Structures are given as C-alpha cells and as structure tokens.
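Structure first, commentary second.
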Amino acid sequence: AGIQRGVEVDVQWVDADEMDDCHAERLENADGVVVQAVQAERTRVHYLLEKEEGINHAEVRSELQETMTENVNVFREEGALKDALEDIREARKDYQHVTVEDPSRTYNTDLIHTIETRNLLDVAEAITVGALARDEFRGAHWRKEHQERKDDEWLKHTMLSWNDGSPGLWYKPAVLEGEAKTYEPKERSY
Numbered sequence: 424a425g426i427q428r429g430v431e432v433d434v435q436w437v438d439a440d441e442m443d444d445c446h447a448e449r450l451e452n453a454d455g456v457v458v459q460a461v462q463a464e465r466t467r468v469h470y471l472l473e474k475e476e477g478i479n480h481a482e483v484r485s486e487l488q489e490t491m492t493e494n495v496n497v498f499r500e501e502g503a504l505k506d507a508l509e510d511i512r513e514a515r516k517d518y519q520h521v522t523v524e525d526p527s528r529t530y531n532t533d534l535i536h537t538i539e540t541r542n543l544l545d546v547a548e549a550i551t552v553g554a555l556a557r558d559e560f561r562g563a564h565w566r567k568e569h570q571e572r573k574d575d576e577w578l579k580h581t582m583l584s585w586n587d588g589s590p591g592l593w594y595k596p597a598v599l600e601g602e603a604k605t606y607e608p609k610e611r612s613y
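Remember, my numbering sits 423 above the position in the sequence shown when you count from 1.
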C-alpha cells in the first residue's frame, strides 16, 4: 500500500468446461463481439507468423524502454512526457514492421515477446497520457511543474479506453470507505 500504480488490469479466466450455459450463450450472442475479437487476434498472429521481412520486436521494445526510463519515471516534466508520447507513437509505427523469426505454432517465445511488445506499447501510452493529464503531485506521480496535491480535483482513478485507435481518458471516483479507509491518501516526500 502507498504507491499509486500507473495501470491496473483485471482479467478473469473462465474454464469452458465450468462455464454455465447462460454465460456461454451470452458470450456467443454478444453481438458477435467476442467472436470478432478472437478472429482479430487470430488474424494478427497469422500476419506476424507469415510476414517474411521486417525488424525484430527487441528493437521496438528497446526504444520503448529507453524513453519510458528517461521520460516517464517518478519525477515527471511536461516536456519529457510529451517527448515520450511522441517516441511511443513512433515506436508503434515501427511495430508495424515487426516480424517473428520463429514460425512454429507451439510455445513460440519469439511470438510471445512480439505480442507482449505490442501490449507494452499500449500500456506505455496509457501511462503517459494519464500522466500528462494529471497536473498535480501524488504518490509515485511527481510533477516538477505541479508541486501540490489537488485532492479536490484528482482524488480519483484515471481510466483509459481505446476508441478508434486513440486513447480516451475518463475517471472513476476513489472510494475511501471500508478497508480502503485504512489507506487514506497523505502527502509523501522524496
């Protein structure tokens, strides 16, 4: 407790054998969304495995790691965050030229790392866009040009969704009741 994380992900897996009929029917009839998402991922994986020329995912991942380490660490400045966002979007363009060297379809770590790199691009952009929007100082988010906490404006969770390929921010209130009351927000110094 105490460090505010940049991203929180909640994923729930359901074993197909344990899934009740009602839940299975809902998935099948959810306007085809699940079927479309699965098909899109299959297409993406097939494309990565069949592509013959391009760059290795490690080049893109290295670019991303460098910009995140230099520009989106605990001590953040608006200019550096904007530079990082530009670098991330450039790395996303570079990712379009990534190939997977190992064509196998069983436990292919090259494919796994390539897919992870794409996911890291999404997470990096989400963290950076959220950090740019939050013009305050809070926990592990320390803005050099905003040296004060603004609980009246920012005591909330920053959420992000991807709409038509662009990140869109929205917010949820921070609930400070029950067990959460144990960890009331307080100012930290570094």
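Each residue gets a CB set at the ideal place from its N, CA and C atoms; glycine is no exception. All figures in this text were calculated on a predicted structure; none of them were measured in a lab.
Residue i in three-state terms, based on DSSP
{"i": "Leu504", "result": "helix"}
{"i": "Gly591", "result": "strand"}
{"i": "Leu480", "result": "The question names Leu, but residue 480 is His in the sequence shown. Looking at His480 - three-state DSSP - the assignment turns out to be helix."}
{"i": "Gly429", "result": "Bear in mind that a pLDDT of 44 at Gly429, under 50, signals an unreliable position, so the model cannot answer this."}
{"i": "Gln435", "result": "With a pLDDT of 41 at Gln435, under the threshold of 50, the modelled position of this residue cannot be trusted, and the question is left open."}
Residue i versus the options, residue with shortest Cα-Cα distance
{"i": "Thr529", "options": "Gln459, Arg566, Gln462 and Leu472", "result": "Leu472"}
{"i": "Arg484", "options": "Val468, Glu513 and Glu476", "result": "Glu513"}
{"i": "Gly562", "options": "Gly601, Lys609 and Pro590", "result": "Lys609"}
{"i": "Thr492", "options": "Arg541, Ala556 and Ile550", "result": "Ile550"}
{"i": "Met502", "options": "Asn586, Asp587, Gly601 and Lys567", "result": "The residue asked about is misnamed: residue 502 is Gly in this sequence, not Met. It is Lys567 whose Cα lies nearest to the Cα of Gly502."}
{"i": "His536", "options": "Val497, Gly455, Glu576 and Glu482", "result": "Glu482"}
Same chain, Cβ closer than 6 Å to residue i, five either side skipped, listed in chain order
{"i": "Thr490", "result": "Ala507 and Asp510"}
{"i": "Asn531", "result": "Asp525"}
Close Cβ partners of residue i (< 7 Å) along its chain, the five nearest in sequence each way excluded
{"i": "Leu487", "result": "Ile511, Ala514, Leu543, Leu544 and Ala547"}
{"i": "Ala554", "result": "Val495, Arg499, Leu504 and His564"}
{"i": "Ala597", "result": "Leu578, Lys579 and His580"}
Cβ shell of residue i (< 8 Å), same chain only, five flanking positions each side left out
{"i": "Ile478", "result": "Asp517, His520, Val521 and Thr522"}
{"i": "Leu592", "result": "Val552, Gly553, Ala556, Thr581, Met582 and Leu583"}
{"i": "His569", "result": "Asp558, Glu559 and Phe560"}
CB-CB length for residue i against residue j, believed under 8 Å
{"i": "Val552", "j": "Leu599", "result": "Their Cβ separation, rounded to whole angstroms, is 25 Å, which puts Val552 and Leu599 out of contact at 8 Å."}
{"i": "Leu534", "j": "Val461", "result": "The pair is not a contact, with the Cβ atoms about 17 Å apart (cut-off 8 Å)."}
Extract the residue ranges of the beta strand (DSSP E) inside the segment 522 to 587, only unbroken runs of 3 or more that lie entirely within it. 579 to 586
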